[in-house]
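Note that the UniProt record's numbering has the sequence shown beginning at 1, numbered continuously upward.
Have a look at the structure below, then the notes.
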Amino acid sequence: MAAGTPSGEPTVGSDTPRLRGKATPETLKTGCIAWVEKEGQPRRAEILSIKETKSGKQFYCNFDNFNKRLDEWVPVARIDFSQDVEWPNPEKEKLKESKSKKAPSAPKKAQVSKKAQKRPGKREQSVQSEATTPHPWTEFVELQGQRKSSSVGLDGDSQARASVEASATPAGADEMDVDDKEEDNKKEEGGFNREDEIEKLRTSGSMTQNPAEISRIRNISKVQFGRNDLFPWYFSPYPEAFGQEDVIFICEFCLSYYGDERAFTRHRKKCTLLHPPGNEIYRDDYVSFFEIDGRRQRTWCRNLCLLSKMFLDHKTLYYDVDPFLFYVMATRSDKGCHIVGYFSKEKESADGYNVACILTLPQYQRKGFGRLLIQFSYELSKIEGKLGSPEKPLSDLGLLSYRQYWSENILDVLLGYNERDDKVTIEGISTALAMTTQDVEHTLQAMKMQVYHKSDHKIVIPEKLIKQREKQKLKQKRVPLKACPNYAAYATYPHRPLSTGPLALPFQRPDPRCRTFHSDEIERVIKEVTSRMADPDLARLFENAFPSTTDTTVKFHTNGRDTAFVRMAGSRSSRDEGAWQGPHSFIITGDIIAEWLRDSTNQLRPYQALAKKDPAIFDLLLGAVNTQAEYVIESPYCNAFQPPPISDLPITSNGQDDVVHPVYEPSAVFECKYELDSLAHFLALANDFYEHSDSTAFLNDRWFLAVDTLLEVLEQQSQPTFDPETGRYRRNDYTFQRSTNTGTETLNLQGIGNPLNSGTGLVRSAFRPSDDATILGFFIPANAMMSVELGRTAKLLKAADHGPLAEKLMKWSEKLRTGVMEHGVVKHKKYGDVFAYEVDGYGSAIMMDDANYPSLLALPVMGFVDAKDPIYQNTRRMILDKLGNPYYLTGKDFKGIGGPHIGLRNAWPMSLLIQAQTSDSDDEIKECLNYVLKSARLGLVHESVDVNYLSQYTRSWFAWANGVFAVTILDLAKRKPHLIFKHGASPYEV
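Written as structure tokens, this is what we have:
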């Protein structure tokens with residue numbers, strides 16, 4: 001993202017005229033300004049550093065009118081040597097220019113000790129600042145065009161000086177103490193060399209002649225911090241050797257840093273710290289705040305400074321953290337307290353600053369945590385009985401962040417005065433909000449609320465501001481002092497009230513203002529079902545699980561009237577016509593901001609019956625169908641997708657090194673594992689919607705294009721490995737290779753997979769629903785599901801007068817069913833005729849089952865066979881026996897079907913839920929429910945559970961699994977109400 005300067009003025013190099021001329025890769029040197037390709041366009045860029053790599057020479061470039069965090073190393077090929085290069089001026093001329101700009105030396109008696117020089121007195125700084133820097137409100141426009149000492153970061157988080165002190169602006173940097181000037185003069189006489197300083201990348205904090213130069217080159221490429229990979233924006237003075245590492249590893253608890261993964265792994269086994277090393281001074285259901293004294297925890301605070309420096313610009317790191325208190329905000333999980341952000345302040349601030357430095361870590365930005373940090377700093381000021389203000393000057397982003405906070409709070413106070421008809425004063429507002437009168441006054445001026453009328457200052461609240469504020473309150477986007485948490489972390493802790501049953505299960509629904517979607521019909525179903533249930537614990541689990549998807553995973557939804565999608569010029573094609581029009585819904589799987597076609601279809605299944613009763617649910621489901629159609633058109637071989645381009649949600653990376661054909665667009669695709677069942681689920685979502693709503697609103701050009709694309713995949717993936725006539729090898733259209741040491745994560749034979757025979761009528765699937773690679777590519781459950789869904793779609797299209805396409809789909813449906821029955825049914829020596837899990841058409845078969853849907857166990861649920869079918873019953877006995885299914889696991893605490901994806905100790909609770917749905921035995925159903933209930937001690941269904949230790953599980957909350965639980969309860973409410981309802985209750989149907 002380009003960070004433009006006023007009027008597009010250059011931001012690289014100096015104003016001094018430079019010599020121009022041709023250059024070559026050999027003659028180009030640091031300080032030169034050349035034309036470099038960025039994002040397909042030539043950009044003016046300054047060469048800050050040069051290095052030799054195995055692939056050739058590379059140049060570190062700072063691009064004109066781009067934020068410095070977008071600096072990068074570029075190869076020779078991206079530099080346009082046909083254009084003239086601006087050569088750096090001779091060093092001596094620079095030094096003379098620098099000397100001429102310096103302020104006169106202070107008298108000798110004003111000199112202070114070396115130690116004092118490292119941290120100038122706050123009063124001196126204030127005097128200089130007030131003399132040279134106007135209040136940021138009155139000079140906001142000018143500030144936006146100046147590169148002042150950065151005090152605010154992205155997400156509106158102020159980044160004023162703390163342990164990471166703000167380095168001065170270019171002018172301020174020249175206003176040094178006399179001793180510093182004398183030292184600089186000596187260095188200049190000795191020949192300060194700009195290139196040498198940059199190349200050295202000195203890592204001794206403030207111990208450099210010119211920190212502004214050195215901080216320009218980002219030295220760390222990637223940081224592993226807890227579960228997140230962070231990509232630094234700026235230089236941070238870690239040891240010089242760390243700049244050579246591809247990844248550095250930072251312990252998220254003690255903040256120790258390592259360049260070697262093995263050393264880091266050893267450290268993590270020994271590290272006992274589980275929270276910031278200070279006093280926990282605040283806790284709510286969402287976050288905790290810890291107060292840390294810089295003098296008592298020097299090493300930890302210095303490490304925090306090093307970490308934060310990677311995301312703070314124009315900072316010089318000082319190691320004197322003693323004068324500061326650090327207030328660290330953290331979320332909690334069963335693993336410990338995870339740092340979200342922090343602010344620091346001086347223990348004694350002569351200027352009354354309540355914040356010196358404030359930062360929200362990148363993975364938590366744009367979630368309200370920055371505002372929470374600002375609010376907490378003012379709450380502390382209220383407790384201390386002082387007026388507070390962030391350290392000045394503020395950057396433009398910091399100004400916007402604080403302006404929003406100040407404006408909203410001042411407006412609320414004024415509206416309160418207005419309702420009480422009280423007289424208001426600047427001092428009264430200041431006292432109520434713990435803000436300085438200067439900040440209050442300049443905020444009022446910026447909002448144009450302070451006027452001079454009849455020889456008196458008055459405050460007038462425009463009607464427009466009142467309406468805007470009322471609208472904000474109605475939307476209830478913010479939770480006071482409780483920023484909406486990451487639900488994956490929130491779900492790891494129990495929350496009250498507890499159920500009245502023996503398990504005392506917690507209430508795990510998020511605050512209503514933090515829920516991602518609301519439906520009155522969903523709330524009605526929860527009330528009607530739970531009021532009938534006999535077991536309070538089972539009722540609580542349903543209360544949490546049924547709305548799990550709408551509460552937590554609807555990350556984007558539009559009714560289609562407010563959004564539009566426009567391709568960049570030159571990239572439009574006929575396949576883009578009508579893209580992303582109408583309603584759209586983006587449903588994530590849970591802890592990953594991406595949509596899996598399979599997961600989202602199953603997550604929405606509990607709400608399909610409400611489509612006719614609630615227009616909001618209708619639009620949500622219709623939007624989900626439309627979104628999946630766009631994904632299938634974009635990349636039909638892929639299984640997981642990025643947020644829609646109309647959503648403005650950030651895209652993420654799966655962090656894998658995949659080589660896939662056909663190639664896909666990373667901005668649209670999160671992961672590209674070809675799973676036949678993903679395409680079947682695209683059809684299933686539309687079929688379910690039609691079945692429950694009788695609506696064909698999704699039958700538009702985009703949906704038909706998606707179906708045509710799906711049929712192309714079926715045709716391509718039904719081809720054998722070898723030509724049946726010539727016997728020659730034919731490369732499959734889809735290949736997948738991942739750099740991994742886990743065999744189930746990639747395809748063998750250079751991404752192709754094992755050979756498949758011709759004439760089977762089956763379609764290849766490269767991966768299973770668990771995202772594990774298939775061993776034999778004809779995956780029977782997916783072929784069975786595709787057969788069913790093609791048949792359902794054919795009936796839908798026939799009813800909608802689309803006969804030719806309906807006939808084509810029905811032929812495919814029958815072909816797949818025949819293929820499954822002819823090649824997917826094998827003779828088992830113990831169980832007789834059974835369905836195999838995977839086959840290759842040559843006679844080989846894999847005998848097992850995995851709990852993910854589709855599965856062999858779920859064949860009746862899919863509608864492929866009746867639950868009483870003899871072959872299915874034989875298969876059911878086989879896969880629910882540890883002697884027949886290698887992944888059927890039993891232990892002292894749990895049992896069920898597992899799979900390679902979760903290892904050899906864990907089983908999926910979903911397998912027990914599907915087992916209950918396919919059983920007619922009351923005892924078997926009750927046993928399955930009991931196991932699932934006992935494993936859900938946090939009030940939610942886990943992804944998998946260790947069969948011997950219920951406390952060991954994967955994912956505290958998994959939206960798909962909770963959706964399957966809700967479907968199971970609703971199935972039993974209709975089919976066997978006596979098992980879950982109070983005595984005498986009649987069947988219940990949504």
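Positions of the beta carbon are idealized from the N, C-alpha and C atoms, including for glycine.
Reference residue i; option with closest CA among the options
i: CYS305; options: SER344, ASP334 and ASP801; result: SER344
i: ASP946; options: VAL967, LEU414 and ILE902; result: ILE902
i: THR500; options: CYS514, VAL529, ALA534 and LEU816; result: ALA534
i: residue 991; options: ARG20, ASP84 and TRP703; result: Residue numbering for the chain in the displayed model covers 1 to 990; residue 991 lies beyond these limits and cannot be assessed.
i: LYS926; options: SER951, PRO977, LEU880 and LEU597; result: PRO977
i: HIS692; options: ALA640, SER647, GLU712 and TYR607; result: TYR607
i: PHE63; options: ARG44, GLU52 and VAL76; result: ARG44
i: GLY891; options: ARG905, LEU597, LEU880 and PHE864; result: ARG905
i: SER911; options: LYS934, ILE879, HIS828 and LEU883; result: ILE879
i: PHE347; options: TYR327, TYR953 and ASP677; result: Position check: residue 347 holds Lys in this sequence, whereas Phe was assumed. Nearest option by C-alpha distance: TYR327.
i: PRO276; options: ASP260, SER855 and GLY336; result: GLY336
i: LEU970; options: VAL525, ARG268 and TRP73; result: VAL525
Beta-carbon spacing of residue i, residue j below 9 Å
i: PHE958; j: LEU938; result: no
i: THR492; j: ASP334; result: yes
i: MET848; j: PRO909; result: no
i: ASP923; j: ALA867; result: no
i: LEU685; j: SER739; result: no
i: ASN418; j: LEU433; result: no
i: HIS518; j: PHE507; result: no
i: THR331; j: ASN486; result: yes
i: ALA488; j: GLY590; result: yes
i: PHE586; j: PHE546; result: no
i: ILE358; j: LEU325; result: no
i: GLU769; j: VAL713; result: Note that residue 769 is Pro in the sequence shown, not Glu. Going by C-beta atoms, PRO769 is not nearer than 9 Å to VAL713.
i: ASP771; j: GLU671; result: yes
i: PHE249; j: TYR258; result: yes
i: LEU776; j: SER813; result: no
i: HIS338; j: GLU280; result: no
i: SER407; j: ASN354; result: no
i: GLY761; j: HIS823; result: yes
Bridge partner(s) assigned by DSSP for residue i
i: ARG43; result: VAL36
i: ASN279; result: GLU291
i: PHE225; result: ASN228 and ILE250
i: PHE343; result: TYR327 and ILE358
i: ILE459; result: GLN450
Contact set for residue i: own chain, Cβ-Cβ below 7 Å, skip 5 residues either direction
i: SER430; result: LEU387, THR436, THR437 and VAL440
i: GLU989; result: LYS974
i: ALA907; result: LEU889, PHE894, LYS895, GLY896, ILE897, GLY898, SER944, VAL945 and VAL947
i: LEU414; result: VAL424, ILE459 and ILE461
Three-way DSSP call (helix, strand, coil) for residue i in this model
i: HIS338; result: strand
i: ALA640; result: strand
i: THR272; result: coil
i: CYS514; result: helix
i: LEU380; result: helix
i: CYS301; result: helix
i: LYS974; result: helix
i: GLU52; result: strand
i: THR310; result: As written in the sequence, residue 310 is Met, which differs from the Thr given in the question. Note: MET310 maps to coil in three-state DSSP.
Same chain only: Cβ atoms within 6 Å of residue i, ignoring 5 sequence neighbours per side
i: LEU705; result: ILE633
i: VAL861; result: GLN917
i: ARG295; result: ASP322
i: ALA212; result: For ALA212, the predicted structure reports a pLDDT of 49, less than 50, and the residue's modelled location is therefore unreliable. A value from the coordinates is still provided. None.
i: ILE374; result: TYR405
i: ALA985; result: ARG532 and PRO977
i: VAL865; result: LEU859 and TYR872
Beta-carbon contacts of residue i that lie in its chain and below 8 Å, excluding the five residues immediately before and after
i: ASN602; result: HIS681, TYR853, TRP960, GLY963 and VAL964
i: PHE981; result: ARG532, MET533, ALA534, ALA973 and TYR988
Below-9 Å beta-carbon distance, residue i vs any chain C residue
i: LEU649; result: In summary, chain C is missing from the structure at hand, where a single protein chain is found.
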